[in-house]
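Every letter in the sequence shown is one number past the one before it in our numbering, and letter 55, counting from 1, is 263. Every residue, glycine too, gets a C-beta built ideally from N, C-alpha and C.
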Amino acid sequence: MHGNIPDAVDHALRSPRSLAPLVLVMGFLGATARYALEMLLPAQCGFPVATLAVNIFGCFTLEIINQFVARRTSLPAPLVKSMGIGLIGAFTTIAALSTENLALLQQGRFGMFALYLGITVFATFGAAYAGKRLADAMGPRYSAHHRAAAAATDSPQNEGGAQ
Numbered sequence: 209m210h211g212n213i214p215d216a217v218d219h220a221l222r223s224p225r226s227l228a229p230l231v232l233v234m235g236f237l238g239a240t241a242r243y244a245l246e247m248l249l250p251a252q253c254g255f256p257v258a259t260l261a262v263n264i265f266g267c268f269t270l271e272i273i274n275q276f277v278a279r280r281t282s283l284p285a286p287l288v289k290s291m292g293i294g295l296i297g298a299f300t301t302i303a304a305l306s307t308e309n310l311a312l313l314q315q316g317r318f319g320m321f322a323l324y325l326g327i328t329v330f331a332t333f334g335a336a337y338a339g340k341r342l343a344d345a346m347g348p349r350y351s352a353h354h355r356a357a358a359a360a361t362d363s364p365q366n367e368g369g370a371q
């Protein structure tokens, strides 16, 4: 047993082959959460509130995943990676940001375009920074010994044998 995870499940989650199905499941969850937020936060006066909210929250959450979950928990690396790629990747969107900004430009709403782009750039950076600071405050990083042991467990050489 690894924590509360049975050995067979822990070994399967540590396998690089497990990444694709995990990304699929996490992507489904992220896309569903984004869709729900789009329904809850409709555009206000032509301002894409939901896209701004998901991108800010996504940047904050991705840093929590990268700085805290990946470095300070014993969750298997493929599971953590799928959280960033699938869950947050499907939740956030640069495509919607780009198309919404293009629409604002095409409508001649230059002030709204500048406001949206400016808020997005600075707020998402600020959210990522806040997420990193929060993760740093949540506890010490693994020791070098602990990281080396976790890396050895995650290595492809151990995939078929040692558990």
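Using the three-state DSSP reduction, which class does S363 fall into: helix, strand or coil?
Caution applies to S363, whose pLDDT of 46 falls short of 50 and renders its modelled position unreliable; the value that the coordinates give is listed next. Residue state, collapsed to three classes: coil.
V277 to M234, Cα distance in whole Å?
Approximately 15 Å between the Cα atoms of the pair.
On a Cα-Cα basis, can you pick out the residue from L249, S226 and A298 that is closest to P284?
Nearest C-alpha to P284: S226.
Kindly indicate the opening and closing residues of the alpha helix (DSSP H) around T269.
T269 -> alpha helix (DSSP H) spans V257 to I272.
Can you tell me where the alpha helix (DSSP H) holding G339 begins and where it ends?
Per DSSP, G339 belongs to the alpha helix (DSSP H) from F318 to A345.
Use the C-beta contact count for Q315: other C-beta atoms within 10 angstroms, 16 or more gives buried, fewer gives exposed.
Exposed.
Nearest chain C C-beta to V262 closer than 8 Å, yes or no?
The structure shown has no chain C; it contains just one protein chain.
Would you mind reading off the limits of the alpha helix (DSSP H) that contains T301?
Premise fails: T301 is in no alpha helix (DSSP H) and is neither H nor E.
Could you give the residue range of the alpha helix (DSSP H) that holds V231?
First-last of the alpha helix (DSSP H) with V231: L227 to L248.
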